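Visitor: Residue numbers (full-length UniProt numbering): 1 to 228. Okay, handing you the structure first.
Below is the structure:
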């Protein structure tokens with residue numbers, strides 16, 4: 001029971017859906033009350049992916065995942081630099097939301113830092129890749145992640161995995177979203193002079209994320225980006 005029920009707040013009314021609640025507190029995201037015209041929802045917590053996001057917007061009915069149209073060396077400026085590249089490309093393509101790179105380093109991985117959404121993951125053209133996070137990370141995709149943020153095909157860089165000519169993608173990550181090896185991340189994505197692990201954008205088995213290693217971080221490849 002709300003002990004303030006029926007009380008008039010400083011706005012002169014007895015409602016909890018404006019800028020001042022009946023407890024005489026400023027309305028805020030996470031207080032459990034939907035602030036009319038300012039919040040789409042408010043479930044009283046700061047968790048994402050549960051139907052109401054931490055910014056009090058409704059969880060999207062789907063999450064977008066794409067392979068970048070741009071190619072990079074393994075010196076991405078760390079995870080933060082890779083995330084910034086994902087976000088920049090998504091915004092330029094007018095895709096909604098916040099994006100993180102599907103990369104791991106010694107401190108974090110997709111499994112530890114990404115929202116584990118309970119909604120489908122789709123390509124930028126709407127093709128479904130997985131039913132939810134659990135399906136995305138179970139070693140088998142519904143469709144390959146070979147479409148860029150612009151809707152085009154995955155670019156082919158200059159890696160020579162299996163003699164080259166394939167759409168290889170920097171990952172350093174297993175298909176379950178965890179770090180594969182501390183020695184396969186271009187030294188936490190900060191150098192061209194180390195080793196990496198690549199995925200294969202045109203396949204749907206676990207090789208989409210863990211396909212090739214023992215290559216050069218100076219090779220050009222795209223990265224995967226996942227909406228949060």
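All C-beta atoms in this analysis are idealised placements derived from N, C-alpha and C, irrespective of residue type, glycine included. Since the model is a prediction, treat every value here as computed from it, not as a measurement.
I'd like to check one pair, residue 157 with residue 221: are the Cβ atoms closer than 8 angstroms?
Guide: Cβ distance < 8 angstroms, so residue 221 and residue 157 count as in contact.
Visitor: Around the C-beta of residue 164, are 16 or more other C-beta atoms found within 10 angstroms, so that it is buried, or is it exposed?
Guide: That one is exposed.
Visitor: Within a Cβ cutoff of 8 angstroms, which residues of the same chain sit near residue 192, ignoring the five residues on either side of it in sequence?
Guide: Result list for residue 192: 73, 74, 75, 186, 216, 217 and 218, in chain order.
Visitor: Between the Cα of residue 147 and those of 227, 69 and 38, spot the shortest distance and give me the residue it belongs to.
Guide: That would be 69, whose Cα lies nearest to the Cα of residue 147.
Visitor: Comparing C-alpha positions only, which one of 132, 134, 108 and 48 sits nearest to residue 97?
Guide: It is 48.
Visitor: If residue 184 and residue 213 are in contact, beta carbons under 8 angstroms, what's the gap, nearest whole angstrom?
Guide: Confirmed, about 5 angstroms.
Visitor: Suppose contacts are defined by Cβ-Cβ distances below 8 angstroms. Is residue 144 in contact with residue 71 by that definition?
Guide: No.
Visitor: Would you check if the distance between the CB atom of residue 180 and the CB atom of residue 173 is smaller than 8 angstroms?
Guide: In contact: residue 180 and residue 173 (Cβ atoms closer than 8 angstroms).
Visitor: So within the segment 97-180, which uninterrupted alpha helix (DSSP H) runs reach at least 4 residues, ignoring any that extend past its ends?
Guide: You should have 110-113 and 133-136.
Visitor: Look at residue 52 and residue 42 and say whether their C-beta atoms are less than 8 angstroms apart.
Guide: Against a cut-off of 8 angstroms, the Cβ pair of residue 42 and residue 52 comes out as a contact.
Visitor: Alpha carbon to alpha carbon, what distance is there between residue 204 and residue 63?
Guide: Roughly 18 angstroms between the two C-alpha positions.
Visitor: In terms of residues, what are the limits of the alpha helix (DSSP H) holding residue 41?
Guide: No alpha helix (DSSP H) holds residue 41; DSSP gives it neither H nor E.
Visitor: Use the C-beta contact count for residue 125: other C-beta atoms within 10 angstroms, 16 or more gives buried, fewer gives exposed.
Guide: Classification of residue 125: exposed, given that the 10 Å Cβ count is below 16.
Visitor: Classify residue 122: buried if its beta carbon has 16 or more other beta carbons within 10 angstroms, exposed otherwise.
Guide: Classification of residue 122: buried, given that the 10 Å Cβ count is 16 or more.
Visitor: With DSSP as the reference, label residue 82 as helix, strand or coil.
Guide: Residue 82: helix per DSSP, three-state reduction.
Visitor: Is the beta carbon of residue 105 closer than 8 angstroms to that of residue 79?
Guide: Yes; because the gap between Cβ atoms is below 8 angstroms, this pair is in contact.
Visitor: What residues are listed by DSSP as bridge partners for residue 63?
Guide: Bridge partners of residue 63: 121.
Visitor: Quick one: give me the first and last residue of the beta strand (DSSP E) that residue 225 is part of.
Guide: That run of the beta strand (DSSP E) goes 224-227.
Visitor: Would you identify the three-state DSSP class for residue 198, choosing helix, strand or coil?
Guide: Reduced to three states, the DSSP call for residue 198 is strand.
Visitor: Name the residue from 46, 139 and 134 whose alpha carbon lies nearest to the alpha carbon of residue 211.
Guide: Closest option to residue 211, Cα to Cα, is 139.
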